[in-house]
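Down below is the structure, laid out as structure tokens.
Protein chains in written order, with the numbering used here: chain R, 5 to 193; chain A, 5 to 193.
Set out below in structure tokens:
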């Protein structure tokens with residue numbers, strides 16, 4: 005699945021990875037990033053995000069060509085027409101993707117060659133909260149369960165250490181478990 | 005942009021919406037939902053989520069045909085090759101999509117005909133945390149800013165009330181601001 009050379013492991017260029025880490029250690033001001041999403045309502049539960057520009061390492065990053073375009077929707081039971089995964093599912097995807105990327109990078113840095121990383125995430129929700137039927141259940145998931153299957157050329161204990169370290173460093177895991185301050189402003193013209 | 009009839013407003017079938025709310029009021033056990041995502045590592049920072057089945061209203065929902073498939077990646081500066089938006093951007097998309105859907109549904113319920121809902125979200129991150137260079141900065145965004153532009157056939161005050169109510173009921177806004185318990189389990193064979 006992945007090439008193994010002196011520097012590329014799990015598809016990650018470890019030479020580049022370590023060079024980036026060294027650079028940020030020396031110049032911490034380069035660590036300030038800003039990611040952005042533009043979203044536009046289309047119809048009903050259908051809306052679309054466009055993702056391209058971001059600020060990184062002291063300037064606007066212009067390496068991306070076409071923007072990423074991601075649609076959201078709701079299934080019929082939530083009065084939609086399935087124009088995309090729903091927002092709560094997108095949050096589970098963000099969490100899965102971040103933990104998986106963290107596992108792959110940590111493994112690469114620790115010289116662990118992975119053969120597979122698979123996960124199933126579930127989120128349990130009492131929709132009375134989000135639908136405004138009852139004030140008691142919270143709006144979001146009551147709990148999220150993540151089940152990983154990770155295989156590679158290392159003993160079980162080392163693979164488990166990689167997952168633990170990845171969990172400790174994942175940006176989305178931090179946000180989903182600890183929360184983030186969100187400021188909302190509105191214009192109406 | 006949207007048809008206006010007795011029941012369809014902002015593309016939302018309000019008759020169906022109110023019928024769903026009434027049903028869940030009468031039978032709260034139908035409010036238990038579970039959403040799911042399967043994710044698989046492809047190479048480097050490239051991984052892919054598949055989203056289809058979910059549990060809703062007392063049983064497995066089988067109305068969806070093809071699964072939704074969403075790719076994640078990282079830009080070059082984060083040692084990836086831009087195979088998709090990155091996980092933190094996907095989280096911003098989830099938040100944008102949920103707030104927007106909530107605005108549209110609340111407006112439909114309150115007889116407000118919307119003409120547009122647009123938003124720009126930004127998340128500020130000191131990547132020393134997630135990269136493991138420094139223990140002090142958190143891994144995730146330090147803050148998220150959401151800027152909405154909402155227009156429709158209602159006075160500014162009413163449009164602002166719609167956004168406020170939507171914010172109070174959004175599932176992803178709740179999760180991102182307050183956090184969710186996440187349980188991670190691992191198998192290695």
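Beta carbons are placed, not taken as given, at the ideal position from N, Cα and C, and that holds for glycine.
All of these numbers come straight from a predicted model, not from anything done at the bench.
* Assign residue 135(A) to buried or exposed, taking buried as 16 or more other Cβ atoms, counted over all protein chains shown, within 10 Å of its Cβ. => Within the second chain, residue 135(A) is the residue found at index 131, counting from 1. Burial call: buried.
* At 7 Å on the CB atoms, spell out the chain R contacts of residue 136(A), in chain order. => For the purposes of this step, residue 136(A) is taken as residue 132 along the second chain, with counting starting at 1. Those are 173, listed as they occur along chain R.
* Asked: Could you give the distance in angstroms between the alpha-carbon of residue 61(R) and the alpha-carbon of residue 127(A)?
  -> Your numbering for residue 61(R) matches position 57 in the first chain. Your numbering for residue 127(A) matches position 123 in the second chain. Distance between the alpha carbons of residue 61(R) and residue 127(A) is about 15 Å.
* To do: May I have a chain-ordered list of the alpha helix (DSSP H) segments no shorter than 4 residues that lie completely inside the stretch 139 to 189 of chain A?
  => 160 to 173 and 175 to 182
* **Boundaries (first-last residue) of the alpha helix (DSSP H) holding residue 29(A)** => The residue you call residue 29(A) lines up with position 25 of the second chain. For residue 29(A), the enclosing alpha helix (DSSP H) starts and ends at 18 to 30.
* Which chain A residues sit within Cβ distance under 9 Å of residue 100(R)? -> If you number the first chain from 1, residue 100(R) lands on position 96. Under the 9 Å cutoff, chain A gives 41, 42, 43, 51, 53, 76 and 91.
* To do: Classify residue 147(A) as buried or exposed, calling it buried when 16 or more other Cβ atoms lie within 10 Å of its own Cβ.
  => Residue mapping note: residue 147(A) aligns to position 143 of the second chain, counting from 1. Residue environment: residue 147(A) is assigned as exposed (fewer than 16 neighbouring CB atoms within 10 Å of its CB, all protein chains considered).
* Over the uninterrupted alpha helix (DSSP H) stretch that includes residue 81(R), give me the two end residues. => What you label residue 81(R) is simply residue 77 of the first chain in a count that begins at 1. Note, residue 81(R): premise wrong, no alpha helix (DSSP H); not H, not E.
* So the beta strand (DSSP E) residue 64(A) belongs to, where does it begin and stop? -> Position 60 of the second chain holds residue 64(A). Segment 63 to 65, the beta strand (DSSP E) holding residue 64(A).
* Take every Cβ of the stretch 15 to 28 of chain R, pair it with every Cβ of the stretch 63 to 78 of chain A, and state whether three or more of those distances are shorter than 8 Å. => no
* **Test item: CB-CB of residue 158(R) and residue 21(R) under 8 Å** => For this step, residue 158(R) is matched to residue 154 along the first chain. For this step, residue 21(R) is matched to residue 17 along the first chain. No, they are not a contact pair.
* To do: Specify the secondary structure class of residue 135(A) as computed by DSSP and reduced to three states.
  => Translated into the one-based positions of the second chain, residue 135(A) becomes position 131. Correct three-state label for residue 135(A): coil.
* To do: Indicate whether residue 181(R) and residue 186(A) have their beta-carbon atoms separated by less than 8 Å.
  => Residue 181(R) sits at position 177 when you count from the first residue of the first chain. Residue 186(A) sits at position 182 when you count from the first residue of the second chain. Yes. Within cutoff.
* Nearest CA to the CA of residue 83(A): which residue from 105(A), 49(A) and 91(A)? -> As a first step, residue 83(A) must be located in the second chain, where it is residue number 79. Considering only alpha carbons, the answer is 49(A).
* **Near-chain R residues of the stretch 8 to 28 of chain A (beta-carbon distance less than 8 Å), N- to C-terminal order** => The residues in question are 14, 15, 16, 17, 20, 21, 24, 25 and 28.
* Using 8 Å as the limit for Cβ to Cβ distance, is residue 111(A) near chain R? -> For this step, residue 111(A) is matched to residue 107 along the second chain. No - not a single Cβ of chain R is within 8 Å of the one on residue 111(A).
* Spell out a yes or no on whether the stretch 136 to 146 of chain A and the stretch 55 to 70 of chain A are touching, meaning 3 or more CB-CB pairs, one atom from each, closer than 8 Å. => Touching, no, given that fewer than three Cβ pairs across the two stretches are closer than 8 Å.
* **Rounded C-alpha distance that separates residue 155(A) from residue 183(A)** => Within the second chain, numbered from 1, the residue matching residue 155(A) stands at position 151. Within the second chain, numbered from 1, the residue matching residue 183(A) stands at position 179. Between residue 155(A) and residue 183(A), the C-alpha separation is close to 31 Å.
* Asked: Taking all protein chains shown into account, do 16 or more other C-beta atoms lie within 10 angstroms of the C-beta of residue 26(R), making it buried, or fewer, making it exposed?
  -> Working through the first chain from its first residue, we reach residue 26(R) at position 22. With fewer than 16 neighbouring CB atoms inside 10 Å of its own CB, residue 26(R) falls in the exposed class.
* Asked: Can a CB atom of chain A be found closer than 8 Å to the CB of residue 47(R)?
  -> Translated into positions along the first chain, residue 47(R) becomes position 43. Yes, contact with chain A.
* Asked: Using a threshold of 7 Å, is the CB atom of residue 96(R) nearer than that to any non-hydrogen atom of the ligand FMN?
  -> Judged by which ligands are present, the structure shown has none, so any question about the ligand FMN falls away.
* Contact check, residue 123(R) vs residue 104(R) under 8 Å by CB: the rounded distance? -> Looking up residue 123(R) in the first chain gives position 119. Looking up residue 104(R) in the first chain gives position 100. Confirmed, about 6 Å.
* Using a C-beta cutoff of 8 Å, does residue 83(A) count as contacting chain R? -> For the purposes of this step, residue 83(A) is identified with residue 79 of the second chain, where counting begins at 1. Yes, because at least one Cβ of chain R sits closer than 8 Å to the Cβ of residue 83(A).
* Would you please verify whether the beta carbon of residue 130(A) is less than 8 Å from any beta carbon of chain R? => Position 126 of the second chain, counted from the start, is the residue given in the question as residue 130(A). Chain R contact via Cβ: present.
* Please confirm if residue 31(R) has its CB atom under 8 Å from at least one CB of chain A. => Taking the first chain and counting its residues from 1, one reaches residue 31(R) at position 27. Chain A, which has no Cβ nearer than 8 Å to the Cβ of residue 31(R), makes this no.
* Does residue 192(A) have its Cβ less than 8 Å from a Cβ in chain R? -> Within the second chain, the letter at position 188 stands for residue 192(A). Cβ-Cβ to chain R under 8 Å: yes for residue 192(A).
* Asked: Thinking C-beta only, is residue 98(A) closer than 8 Å to residue 176(A)?
  -> On the second chain, residue 176(A) is found 172 positions in, with the first residue counted as 1. On the second chain, residue 98(A) is found 94 positions in, with the first residue counted as 1. Contact flag set, yes.
* Within the chosen definition, does the stretch 87 to 101 of chain A reach the stretch 80 to 96 of chain R through at least 3 CB pairs nearer than 8 Å? -> yes
* Could you tell me how far apart the beta carbons of residue 192(A) and residue 160(R) are, in whole angstroms, since I believe they sit closer than 8 Å? => Sequence index remark: in the second chain, residue 192(A) carries index 188 (1-based). Sequence index remark: in the first chain, residue 160(R) carries index 156 (1-based). That belief holds up - the Cβ atoms of residue 192(A) and residue 160(R) are roughly 5 Å apart, short of 8 Å.
* Burial state of residue 31(A), where buried means 16 or more other Cβ atoms lie within 10 Å -> Within the second chain, the letter at position 27 stands for residue 31(A). That one is exposed.
* Near-chain R residues of the stretch 114 to 128 of chain A (beta-carbon distance less than 8 Å), N- to C-terminal order -> Within the stretch 114 to 128 of chain A, the residues whose Cβ lies closer than 8 Å to any Cβ of chain R are, in chain order, 118, 120, 121, 122, 123, 124, 125, 126, 127 and 128.
* To do: For residue 63(R), count neighbouring C-beta atoms within 10 Å of its own C-beta (all shown protein chains included) and say buried if the count is 16 or more, exposed if not.
  => Your numbering for residue 63(R) matches position 59 in the first chain. Under this definition residue 63(R) is an exposed residue.
* CB of residue 52(R) within 8 Å of CB of residue 40(R), strictly -> Position 48 of the first chain, counted from the start, is the residue given in the question as residue 52(R). Position 36 of the first chain, counted from the start, is the residue given in the question as residue 40(R). Result no, Cβ atoms of residue 52(R) and residue 40(R) do not sit closer than 8 Å.
* To do: Within 10 angstroms of the Cβ of residue 23(A), are there 16 or more other Cβ atoms? Answer buried if so, exposed if not.
  => Here the question's residue 23(A) lines up with position 19 in the second chain. Exposed, because fewer than 16 other Cβ atoms sit within 10 Å of the Cβ of residue 23(A).
* Asked: Less than 8 Å separating the beta-carbons of residue 72(R) and residue 129(A)?
  -> Numbered from its first residue, the first chain carries residue 72(R) at position 68. Numbered from its first residue, the second chain carries residue 129(A) at position 125. No.
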